[in-house]
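Here's the structure, in structure tokens; my notes come after.
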Amino acid sequence: LPLPSGENDNFLLAEKYLRRFYGLPAGLQGKKGSSDAIQTKIKEMQKFFNLEVTGNLDNNTLDVMKKARCGVPDIGEYN
Amino acid sequence: HFPRHLKWDKNNITFRILNYTPDLKKSDVDRAIRNALNVWSDVTPLTFKKLHEGIADIMISFGSKEHGDYNPFDGPNGLLAHAYPPGKGIGGDTHFDEDEQWTKDSSAYNLFIVAAHELGHALGMSHSSDPGALMYPVYSYATGFPLSGDDIEGIQALYGPNPDSKKVKPRPIAPNKCDPMLTFDAVTELRGETIVFKDSFYWRLHPQMTEPDQILIQSTWPSLPSKVDAAYENPEKDIVFMFSGIKMWALNGYNLVNGYPKYIHKLGLPKTIRKIDAALHIADKGKTLLFTDEEYWSYDEAAGTMDRGYPRSIEEDFPGMDDEVDAAAFHHGRLYFFHDHIQYEYSYTYRKVIGIQRTNSIFNC
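Residue numbers (my numbering), protein chains in the order written: chain Y, 1 to 79; chain U, 1001 to 1365.
Structure, rendered in structure tokens:
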């Protein structure tokens, strides 16, 4: 199998991160629906961390996602 | 706070440590947890009693990967710990990832700092978006009392203040880069990045990053004081010098150079100078200018001596400038001086101010 590209790794990291800390719903149907929801959650995350709110997975956003942190979600209902 | 402002409905809370990490001595773990609880009891009427058996309100444990709550850890780094808000059963329970290296200093993850943050959750605090707050979700190391004004306001909104009015000095709130009244402590280049020091934080501006990173100074350099007065880069030596009070430190990249701190008087400054306000290095002349109050000194890097005829008046030699400087930098043949909330762009060739902007224009505010 081909090795996953760096971009794919970053996307997977972001998806996992947003699912865990920003309540990104799992199992979204359709490509468009999925990317809209991810953009919204990226924006929420960027706003929380005082980053430039673009909805894009830029270097600043990925840097914050890669930092060591607490496992409690930042916002939303606590389960 | 968590949704519905979850809190304990009593002030006498019990805790129990179920197991211990092998990374530290048992007594060090006990001390870290007790000190972490004291952080919160210092500012509230809460008291914490340790239980050795049975069910406590806050059950503290170390575990790795899936550890019994269907909320698994992820191995080294990443997730460090989690805790549940006040409530029955698992409520208040606090879990640390055993796959992390726990320490009592800054060499790896400091258990006291992580515990103080997690116990904040166990008492009802959610995450803060203030990078200077203990409840900020990203780990950073700092010494001193860990609560900021934001943390104290949050916990006192749930439980009220400490009736004994214990005096605590809260950690300063992280400065806002777009505050129109923002002033700088020090500015320097570091291998193509720009580093701006303000209070106990620094911003890191990288040419390929749209937003500056804001980081606690002691999180990166634990042995440095929490405030930097001046800094400059000598690119030929690949060293950044940082000044705080009468001492100076050297950085190679982000690593502190051995043999420091040294006294600033070793540079040839008189003992009456107790602080350098700003510093900049003019690479093509091999000179470093050190600004103190209303005067400045010139240091010859090659000779390692202070030039004769100094100090000289800032006001006389830099016409158009204020008579004091907070921070200074040399960039592409221009001198940049920062004083209060104004940035002066100064041409060394034409000896005049060629531009005035707000201090934080450097952040595109």
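C-beta: ideal position from N, C-alpha, C; glycine also.
- Message: Quick check on the DSSP output: what are the complete beta strand (DSSP E) runs of length 3 or more inside the stretch 1181-1215 of chain U, in order along the chain?
- Response: Qualifying beta strand (DSSP E) stretches, in chain order: 1186-1190, 1193-1198 and 1201-1205.
- Near-chain Y residues of the stretch 1136-1148 of chain U - C-beta to any C-beta below 8 Å: Contact residues of the stretch 1136-1148 of chain U toward chain Y are Pro1137, Val1138 and Tyr1139 (C-beta to C-beta distance below 8 Å).
- Query: Could you give the uninterrupted runs of the alpha helix (DSSP H) lying entirely in the stretch 1046-1108 of chain U, keeping only those of 4 residues or more?
  - Reply: If we require 4 residues or more, the stretch 1046-1108 of chain U turns out to have no alpha helix (DSSP H) run fully inside it.
- Task: Can you have a look at Cys70 of chain Y and say buried or exposed, based on whether 16 or more other CB atoms are within 10 angstroms of its CB?
- Result: Position 70 of the first sequence holds residue 70 of chain Y. Cys70 of chain Y counts as buried, since at least 16 other C-beta atoms from the protein chains shown sit within 10 angstroms of its C-beta.
- Message: Quick check: what's the CA-CA separation for Lys16 of chain Y versus Thr1359 of chain U?
- Response: On the first sequence, position 16 is the one that residue 16 of chain Y refers to. On the second sequence, position 359 is the one that residue 1359 of chain U refers to. Distance between the alpha carbons of Lys16 of chain Y and Thr1359 of chain U: 39 Å.
- Is it true that the CB of Glu1193 of chain U sits closer than 7 Å to the CB of His1206 of chain U? Position 206 of the second sequence, counted from the first residue, corresponds to residue 1206 of chain U. Position 193 of the second sequence, counted from the first residue, corresponds to residue 1193 of chain U. Judged by beta-carbon spacing, Glu1193 of chain U lies within the 7 Å limit of His1206 of chain U, meaning their Cβ atoms are closer than that value.
- Item | Segment limits, alpha helix (DSSP H) that includes Tyr1159 of chain U | Here residue 1159 of chain U corresponds to residue number 159 of the second sequence, with the count starting at 1. Gly1149 to Tyr1159 is the extent of the alpha helix (DSSP H) around Tyr1159 of chain U.
- Message: Given this structure, state the Cα-to-Cα distance separating Tyr1296 of chain U from Ala1283 of chain U, to the nearest angstrom.
- Response: To locate residue 1296 of chain U, count along the second sequence from 1; it is residue 296. To locate residue 1283 of chain U, count along the second sequence from 1; it is residue 283. In a straight line, the C-alpha of Tyr1296 of chain U is about 17 Å away from that of Ala1283 of chain U.
- When we look at the beta-carbon of His993 of chain U and count the other beta-carbons within 10 Å, is it buried (16 or more) or exposed? Look at the range of chain U in this structure, 1001 to 1365, and you will see that residue 993 of chain U is not part of it.
- Message: Using beta carbons (cut-off 7 Å, strictly below), is Ser1361 of chain U in contact with chain Y?
- Response: As a position in the second sequence, residue 1361 of chain U is number 361, starting the count at 1. No, because no Cβ of chain Y sits closer than 7 Å to the Cβ of Ser1361 of chain U.
- Message: How far does the alpha helix (DSSP H) with Val64 of chain Y in it extend, from its first residue to its last?
- Response: The residue labelled residue 64 of chain Y in the question sits at position 64 within the first sequence. From DSSP, the alpha helix (DSSP H) with Val64 of chain Y extends over Asn59 to Lys66.
- Item | Closer than 7 Å at the beta carbon, the chain U residues around Lys43 of chain Y | Position 43 of the first sequence, counted from the first residue, corresponds to residue 43 of chain Y. Within 7 Å Cβ-Cβ: nothing; Lys43 of chain Y doesn't reach chain U, min ~14 Å.
- Message: So with CB distances below 7 Å, who are the chain Y contacts of Thr1210 of chain U?
- Response: Here residue 1210 of chain U corresponds to residue number 210 of the second sequence, with the count starting at 1. In chain order: Glu52, Asp58 and Asn60.
- Message: Determine whether the beta carbon atoms of Glu1294 of chain U and Ile1264 of chain U lie at a separation below 7 Å.
- Response: The residue you call residue 1294 of chain U lines up with position 294 of the second sequence. The residue you call residue 1264 of chain U lines up with position 264 of the second sequence. Their beta carbons are not under 7 Å apart, which means Glu1294 of chain U does not touch Ile1264 of chain U by this criterion.
- Task: Just mark Val1210 of chain U as buried or exposed, buried being the case when its beta carbon has 16 or more other beta carbons within 10 Å.
- Result: Mapped onto the second sequence, residue 1210 of chain U falls at position 210. One detail in the question is off: residue 1210 of chain U reads as Thr in this sequence, not Val. Flag for Thr1210 of chain U reads exposed.
- Message: Per the DSSP calculation, Cys70 of chain Y is bridged to which residue(s)?
- Response: Counted from its first residue, the first sequence places residue 70 of chain Y at position 70. Per DSSP, U:Ala1081.
- Query: Any C-beta of chain Y sitting closer than 7 Å to the C-beta of Ile1129 of chain U?
  - Reply: On the second sequence, position 129 is the one that residue 1129 of chain U refers to. It is worth fixing the name first, because residue 1129 of chain U is Ser in this sequence and not Ile. With 7 Å as the cut-off, Ser1129 of chain U counts as an interface residue toward chain Y.
- Near Phe1184 of chain U, what residues of its chain come up, given a Cβ to Cβ distance below 8 Å and the 5 sequence neighbours on each side ignored? Residue mapping note: residue 1184 of chain U aligns to position 184 of the second sequence, counting from 1. Val1196, Phe1197, Lys1198, Asp1326, Ala1327, Phe1338 and Thr1359, listed in sequence order.
- 7 Å Cβ cutoff, Leu1111 of chain U in contact with chain Y: Sequence index remark: in the second sequence, residue 1111 of chain U carries index 111 (1-based). False, the Cβ-Cβ gap to chain Y never drops below 7 Å.
- Query: Can you list the residues of chain Y that Gly1078 of chain U reaches, using a CB-CB cut of under 7 Å?
  - Reply: Taking the second sequence and counting its residues from 1, one reaches residue 1078 of chain U at position 78. Per Cβ cutoff of 7 Å: Ala68.
- Expected contact under 8 Å - CB spacing of Gly1120 of chain U and Leu1134 of chain U to nearest Å: Here residue 1120 of chain U refers to the residue found at position 120 of the second sequence. Here residue 1134 of chain U refers to the residue found at position 134 of the second sequence. Yes, Gly1120 of chain U and Leu1134 of chain U are in contact; Cβ-Cβ is about 6 Å, under 8 Å.
- Message: In the DSSP output, what is His1331 of chain U paired with across the bridge?
- Response: Position 331 of the second sequence, counting from 1, holds the residue named residue 1331 of chain U. For His1331 of chain U, which the question treats as bridged, DSSP gives the partners U:Arg1334.
- Item | Nearest-angstrom Cα separation, counted from Gln1214 of chain U out to Leu51 of chain Y | Within the first sequence, the letter at position 51 stands for residue 51 of chain Y. Within the second sequence, the letter at position 214 stands for residue 1214 of chain U. Cα to Cα, the separation comes out at about 10 Å.
- Message: Does the CB of Phe48 of chain Y have a neighbour CB from chain U at under 7 Å?
- Response: As a working mapping, residue 48 of chain Y is identified with position 48 in the first sequence. Closer than 7 Å to some Cβ of chain U, the Cβ of Phe48 of chain Y qualifies, so yes.
- So what does DSSP say about Gly1355 of chain U, is it helix, strand or coil? For the purposes of this step, residue 1355 of chain U is taken as the residue at position 355 of the second sequence. Annotated three-state conformation of Gly1355 of chain U is strand, per DSSP.
- Mark Tyr1346 of chain U as exposed unless 16 or more other C-beta atoms lie within 10 angstroms of its C-beta, in which case mark it buried. For the purposes of this step, residue 1346 of chain U is taken as the residue at position 346 of the second sequence. Result: buried.
- Message: So, with DSSP's three-state summary, where would you put Asn79 of chain Y?
- Response: Position 79 of the first sequence, counted from the start, is the residue given in the question as residue 79 of chain Y. Confidence is the limiting factor: at Asn79 of chain Y the pLDDT is only 48, short of 50, which leaves the residue's position unreliable and the question unanswerable from this model.
- Item | Residues of its chain near Met45 of chain Y, where Cβ-Cβ distance is below 6 Å and the 5 sequence neighbours each way are ignored | Along the first sequence, one-based indexing puts residue 45 of chain Y at 45. Excluding residues up to 5 positions away in sequence, Tyr22 lie with their Cβ nearer than 6 Å to the Cβ of Met45 of chain Y in the same chain.
- Message: Assuming contact is defined by CB atoms lying nearer than 7 Å, are Phe1145 of chain U and Lys1169 of chain U in contact in what I supplied?
- Response: Here the question's residue 1145 of chain U lines up with position 145 in the second sequence. Here the question's residue 1169 of chain U lines up with position 169 in the second sequence. When the beta-carbon positions are compared, Phe1145 of chain U and Lys1169 of chain U come within less than 7 Å of each other.
- Query: How far does the beta strand (DSSP E) with His1117 of chain U in it reach, from first residue to last?
  - Reply: Numbered from its first residue, the second sequence carries residue 1117 of chain U at position 117. From DSSP, His1117 of chain U is part of no beta strand (DSSP E) but of the alpha helix (DSSP H) over Leu1111 to Leu1123.
- Any C-beta of chain Y under 7 Å from that of His1341 of chain U: If you number the second sequence from 1, residue 1341 of chain U lands on position 341. So no, His1341 of chain U is outside the interface.
- Query: Exposed or buried, what is Ile1078 of chain U when buried is set at 16 or more other beta-carbons lying within 10 Å of its beta-carbon?
  - Reply: Translated into positions along the second sequence, residue 1078 of chain U becomes position 78. A quick correction: the sequence has Gly, not Ile, at residue 1078 of chain U. Burial call: buried.
- For Ser1298 of chain U and Pro1270 of chain U, the rounded distance between their alpha carbons: For this step, residue 1270 of chain U is matched to residue 270 along the second sequence. For this step, residue 1298 of chain U is matched to residue 298 along the second sequence. The C-alpha of Ser1298 of chain U is placed about 13 Å away from the C-alpha of Pro1270 of chain U.
- Task: Please report the Cβ distance between His1332 of chain U and Leu1182 of chain U, rounded to the nearest whole angstrom; I am assuming they are in contact, meaning their Cβ atoms lie under 8 Å.
- Result: Position 332 of the second sequence, counted from the first residue, corresponds to residue 1332 of chain U. Position 182 of the second sequence, counted from the first residue, corresponds to residue 1182 of chain U. Not a contact, Cβ separation roughly 23 Å.
- Item | Beta-carbon contacts of Ile1354 of chain U that lie in its chain and below 6 Å, excluding the five residues immediately before and after | Along the second sequence, read from residue 1 onward, the residue named residue 1354 of chain U stands at position 354. Excluding positions up to five away in sequence, the list reads Glu1345 and Ser1347.
- Output the distance between the C-alpha atoms of Gln29 of chain Y and Pro1076 of chain U, rounded to the nearest integer angstrom. Indexing the first sequence from 1 puts residue 29 of chain Y at position 29. Indexing the second sequence from 1 puts residue 1076 of chain U at position 76. Because the pLDDT at Gln29 of chain Y is just 47, under 50, the model does not fix this residue reliably, and the value given afterwards should be weighed accordingly. For Gln29 of chain Y and Pro1076 of chain U, the gap between their C-alpha atoms comes out near 33 Å.
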